[in-house]
Each structure stands twice: as structure tokens, then as C-alpha cells.
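To keep things clear, I will list the structure first and then write my remarks on it.
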């Protein structure tokens, strides 16, 4: 007998008990011992539920409503599958197989498709792509904006902020520009700081003018004439080898900041730095020499920096001067001169006679007035490192030009990957000052390490922030350096593999490439970079120039120890001669030290050393030719002396024949045989060589088919060394 009690869910307490009883006693769990208890409990519960209704009609209607909720107490011997056949199986959550004809699955006879494997997309970009990406940051940047520009999620930025000790309340909180840079460096992207002049005091400033041109075209002499000094006479070799900055007061009362750049081909990076920080470029061209390679390079640097050009045609006092020819050459190279309908001013000057200097001053001030140069004078300073050097008593020094703001003594600064507190500020005359305003070249003292030429100087509010920024930049720099090294090694392996595949089957062996290890020491950071780049340009297929270290300052014992460890020699440029103890230690260790003060001599010396160390290539060279005039045959020789021998009677017509060399037999211009010389005699005497015009008897091993008129060539293996080539502009290379 099946008992069923239906009711609204959760309406009656008795119904709840009944449902509990139903859940406890199922068809599988009810036993004979519990059956009596169940039979006694259910009628009592049913009676309680019936008493809750007023009459039978109300009982019937309520039961009908309760049955619609599919809540029931069924017989304990009935299974859900049995009840499902009478009711809806889907309502009970059961899946019953429908009756019908079984349909057999068709087999796919087509071959499988070989689809390429597509890796899943990563949530974060690869580190190699991030290291090449540059984002712009500014003061007051929010976390949302920073995460969007860096290409990462907001939680990533928040986690980095917690690691650097910043409190994170909301993703819309503003961040300082220093913290934004720290987060960006931790993510792995490069940054470019943007500074706003809103609310700041903006005033006119003097123009920054860079003098550029070819070597020995009179750039420094022209500046000496403007400021009535003689710097060119102090430079070694009579050429500028450093980047100088100074302020010149004009006759009109205005002041102009000048940057003097070297013209030698080795100092290309210095000229590029000068063009990056300048407002106007003065292109100096000699009237008797015309447009030269470094002139074109200076034009390209100015165009890349989007800087206006003023042309100064120098040496107009010389008899061979031809300014009109220079103007035509400049116009041919794409400069729109004023005389030809353009906007580039051309001034003819002479540094020796000091003619045309007032016109040059007028042209520069006119160009600056048209540009309306203004800068922010209050707030933290922004500066640019022009040059850096180490002084024995004052430590690392950086020559910088202030671009905006005011640099004050005592501020904490971060210069590239170095930091420090400004201990002293000096102008280019050596006078101390407490502050530096825009367009003012100064020398700052107090850095913890030597910065790189071209680094930016930023001011921070505390020493802790300066240390943190410096450490982050050093970590980013080292990470990028290792990444570039790994990429270059992979590229080198691929190139080597491709070369091996191309050379497969070739018998000729290429010469082994040797390594020349060098340590570079110079007086300033910019010169170290210039010498290093110039020496790396001397790389050749036979010699690899490896610069293991480059530093500023005199040669020390640590340099000698490093050279001994890696088998290098030391190159010093514009530094004092090392003391006797250093020379003695270097001689004992077998270390060569080469000191030079002129870039020409340094490159020539190192180039000759590379040529000497190069293994060279062995080539077959024809050292002599002889023509067969007659043939002699020796017969009846004994067994001890060997078989019959044919001797070629020859006359040497060119060069000389050498017994130890290989002989080549030509007949009608074609090679018949090549072999070693078995015997060479002249007038019945064995000789080692026979010169031009002499007659001789020749026997070639394993060959006796001579004919009158044949030509015998003497082949000699010659080791051809590479050549050191220096052009007129100063560019050098090794030609193999």
C-alpha cells in the first residue's frame, strides 16, 4: 500500500517530519524491524494534516494545489525509476532512453587533417617586446592609466606598488612620476618623462648653439674668435677631441651658449649628443675644401633632431676660397639656402681675420628670435649630461646643460643609473654658484658614480627615492644588456649554422678568426665611448676586437690585473703616463700599454697591431714562368738509380723557378699537370732557384710527357695579410 502525503513546501511542521521520515527510509534502507515504526508514524501525521483543513472540499483543493509542486511522500518499496514511467522523468532529473530504431554511426573515411599547432595566447606580452617599448609618464598619473599604457592588468601594478612600499587605496589614486617610473621599470618597459609648464613661471632664455662640421674646417678657431680665446692651440694634434660648452657674451649684450663638437669620424656619438640638446646648429664649411663626409653627417644629425641650420662658410680669406662652389654643393645636398629661395641663412666668415663675425651673431639672434625660446625657471630642474669625467680630488664630475627649471646646490639627483647629492655647482670658468638656470652649462659635483654622456638629470625629493630609482635603473640596464647578449648569441649561432650549410662540400678552408682583447682608458666618458666605437669598427673576418672594459681616469693596478687575467693590452687616450710601479707590474706580466693623445695615431697603431696579429689568407701565386726549348732523356740507368728520366731544358722568361715549389705544366694555355719538382740544375749543378733569363734543366716528379713549347709555371703559397686603410675624413677600416 502506497502512502502519499502532499503539501506546500515548508508549510507545516508535521509535513516536514514526514518528509524527513521519507528521506531516512527509502526502498533500499527500510527493514522489517523499522516497518512497524513507519506504519505507526504515518497515520498520525496524516491525521494532523487533515485536521488543519476546515472541510473535505478545502482538503481536496489544497491537495490539488500541493500536488502541482511535485513534493510527495511515496511508498518506500517504490523506486524513482518506477514512478518516472507514470510521471514526467525530466522533472525528476532522470534521462530515460526513448524507444526507436537504433541508428548506426557512419564512419568517416577521409584522412585526418594535419592542422598546425597554435599555442594559447599569453595574458602578458613577452619580455623581449616589452624591453623595446617606450611609454610616456607624467606627474599625477593614475594606476589605471599606467596599467593601460604598460599593457598589464591593474592588479599587477598594485602588487608592484605594494612591493616598493607605496600605499594603495584606490586604482584612481594619483602617483608621483618617480613611482610611475619604478613600476614601469619593474614591468620591463622604457619610459619617457613628460613635464608640464602649467602654473609655472616661463621666461625667455638664451639659445643653445652647436657648432658642427668636418675635421679641420675651423670650428674651434671660429669660436675662439667669438670669445677671444685660443682653445684650438691647447688641443693635442691641433684638432678638437672633446665636447666643450661655454657661454659667449655678444657685442649686442645678448648671450649665447655654444657647444663645440669634434669633427673627426670617431666622434660621431658626440656630434649626435650635441644635436640632441641644441636649439640651432651652425654648420661650418671651409671655403677652400667644400662639403666633406662629416659635413653630410652633421646635416643628417640636425635633420634627425629637427633643428634649424645656419651655414658659416669659413676660411674665406684664403686665396683658394670659393664660397659660391660651397653654396652649390650644399644646395645639391638638399639645403634650401636663402639666396635660392629657402630659409637657411648663409654667412661668409673668417676666423683668422675676424671678418663676418657680426653678421654671424646677427643671424643667430634672428633665428633665436623667430623660434621664441622660453623655458620654465621655477620648480625641479631638467638637465642633460654633455660630458663626464673623474677628478682625483673631487670625484665624478658631470658637465650638463639645464633645459628647464633651476638646479640648486644640495638637491638629490638621479643621473642615468647613478645618484648623488649636489655638493657644488661651477660654471665653465670654474666659479662656484649656488644655482643654475635654463641654457646654462655647469659642472656638478657630488655623484656617487660616473654617469654616461647623454644621460638625463632629474631631481628627487629624498635620498631614499634617489637610491631606489638608481637601483631600479641599474637592474633594468643589466636585464636589457643580458637580453641583447642572448639575442646576439642566438643570431650568431644561426649565422654560423647557415654558413656551415652553405660551405658543405667545399674543400677550401677559411682562416681561423683570432681575438684581440683591449682595455680602454680615457680622460672623459665621451672619449671612452668614441675610442671604443672606433676600435670596434676595426673588426674584420680574421680578427675580432673585443673591448672587455672601458673606464675613465688613469691606468691603475686593477686594470693591469684584469688585462693579465683576460690576455688583453691597455690603450690609454689623453691620460697621464702611468707611474713606474704600474709599468713595472705590466712588464712583469707581459702586458702592453699604449698611450696616445691624438686619435689619428691611436687608430693607426691599433690597426697595425691588428694586421700583425691577423692569420692572413694563403693564396697560390705564380712566382715564375719558363718555356721548354728542348727535351733530354737519360736511358740505361741501373735499378738502384731508377727508371729512365726525361729532362726539360727551359729558359726562365719571368720571375724565377724555385725547387721547393709546385710546378704547373701548360700546353696551349691549358693545365696539363701539377706536381712537385724532383730536380733543378743549372750548368750541371743542383740549385735551389733560377732567375729570369737563365737556362736550366727541370724534372717534374711522376711526369715525363714534355713537348717543346710547353710553359712551366712555378707556384708559390703566399700568406696575404689584411690592410689598414685610413680615409681623409679619419674613417678607418681593415680590408682583408
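Numbering (the UniProt record's numbering), first residue to last: 1 to 736.
Note that CB positions come from ideal geometry on N, CA and C, so glycine has one too.
Residue i (DSSP reduced to helix, strand or coil)
{"i": "residue 220", "result": "helix"}
{"i": "residue 554", "result": "coil"}
{"i": "residue 378", "result": "coil"}
{"i": "residue 204", "result": "strand"}
{"i": "residue 525", "result": "helix"}
{"i": "residue 412", "result": "strand"}
{"i": "residue 480", "result": "helix"}
{"i": "residue 629", "result": "strand"}
{"i": "residue 702", "result": "coil"}
{"i": "residue 734", "result": "strand"}
{"i": "residue 646", "result": "strand"}
{"i": "residue 158", "result": "helix"}
{"i": "residue 623", "result": "strand"}
{"i": "residue 174", "result": "strand"}
{"i": "residue 214", "result": "coil"}
{"i": "residue 247", "result": "strand"}
{"i": "residue 293", "result": "helix"}
{"i": "residue 612", "result": "helix"}
{"i": "residue 277", "result": "helix"}
{"i": "residue 723", "result": "strand"}
{"i": "residue 163", "result": "helix"}
{"i": "residue 575", "result": "coil"}
Extent of the continuous beta strand (DSSP E) run through residue i
{"i": "residue 446", "result": "441-447"}
{"i": "residue 675", "result": "670-682"}
{"i": "residue 368", "result": "Element bounds for residue 368: not the beta strand (DSSP E) but the alpha helix (DSSP H), 357-371."}
{"i": "residue 348", "result": "346-348"}
{"i": "residue 194", "result": "190-194"}
{"i": "residue 594", "result": "593-596"}
{"i": "residue 312", "result": "309-314"}
{"i": "residue 707", "result": "That residue, residue 707, is in no beta strand (DSSP E); it is neither H nor E in DSSP."}
{"i": "residue 397", "result": "395-404"}
Chain-order list of residues whose beta-carbon lies under 6 Å from that of residue i (same chain, five-residue window excluded)
{"i": "residue 691", "result": "656"}
{"i": "residue 723", "result": "735"}
{"i": "residue 709", "result": "none"}
{"i": "residue 733", "result": "725"}
{"i": "residue 368", "result": "207"}
{"i": "residue 172", "result": "142"}
{"i": "residue 197", "result": "376"}
{"i": "residue 553", "result": "390"}
{"i": "residue 435", "result": "406 and 408"}
{"i": "residue 286", "result": "217, 314 and 315"}
{"i": "residue 458", "result": "414"}
Option in the options with minimal Cα separation from residue i
{"i": "residue 464", "options": "160, 414 and 221", "result": "414"}
{"i": "residue 379", "options": "201, 620, 649 and 205", "result": "201"}
{"i": "residue 725", "options": "475, 600 and 627", "result": "600"}
{"i": "residue 473", "options": "291, 329, 302 and 456", "result": "456"}
{"i": "residue 204", "options": "282, 565, 592 and 403", "result": "403"}
{"i": "residue 133", "options": "409, 631, 669 and 149", "result": "149"}
{"i": "residue 548", "options": "184, 554 and 564", "result": "564"}
{"i": "residue 345", "options": "354, 389, 313 and 376", "result": "313"}
{"i": "residue 453", "options": "388, 493, 166 and 488", "result": "388"}
{"i": "residue 418", "options": "573, 451, 711 and 446", "result": "451"}
{"i": "residue 475", "options": "721, 186 and 355", "result": "186"}
{"i": "residue 226", "options": "350, 174 and 214", "result": "350"}
{"i": "residue 595", "options": "531, 253 and 681", "result": "531"}
Opening and closing residue of the alpha helix (DSSP H) in which residue i lies
{"i": "residue 150", "result": "143-150"}
{"i": "residue 254", "result": "Segment: none, residue 254 is in no alpha helix (DSSP H) and carries neither H nor E."}
{"i": "residue 715", "result": "Counting along the chain, residue 715 falls outside any alpha helix (DSSP H), though it belongs to the beta strand (DSSP E) covering 711-720."}
{"i": "residue 326", "result": "323-332"}
{"i": "residue 580", "result": "580-589"}
Residues near residue i in its chain [Cβ-Cβ closer than 7 Å; skip 5 each side]
{"i": "residue 749", "result": "Here the chain covers residues 1 to 736 and nothing more, so residue 749 does not appear."}
{"i": "residue 559", "result": "519, 521 and 570"}
{"i": "residue 290", "result": "325, 326 and 329"}
{"i": "residue 394", "result": "445"}
{"i": "residue 157", "result": "143, 146, 147 and 183"}
{"i": "residue 162", "result": "168"}
beta-carbon residue i near the ligand SAH non-hydrogen atom, thresh 7 Å
{"i": "residue 260", "result": "Of the ligands one can find in the structure shown there are none, so the ligand SAH has no counterpart to examine."}
Own chain residues within Cβ distance below 8 Å of residue i, not counting five before or after
{"i": "residue 629", "result": "649, 650, 651, 695 and 708"}
- Taking one C-beta from the segment 692-712 and one from the segment 668-677 each time, how about it: are there three or more such pairs within less than 8 Å? yes
- Message: Measuring CB atoms only, is the segment 513-525 touching the segment 536-555, in the sense that at least three cross pairs come out at less than 8 Å?
- Response: yes
- Message: Whether or not the segment 321-339 and the segment 356-366 are in contact is what I'm after, with contact meaning three or more pairs of Cβ atoms, one per stretch, closer than 8 Å; do they touch?
- Response: No, they do not touch.
- Message: Count Cβ pairs between the segment 576-591 and the segment 603-615 that sit closer than 8 Å; are there 3 or more?
- Response: no
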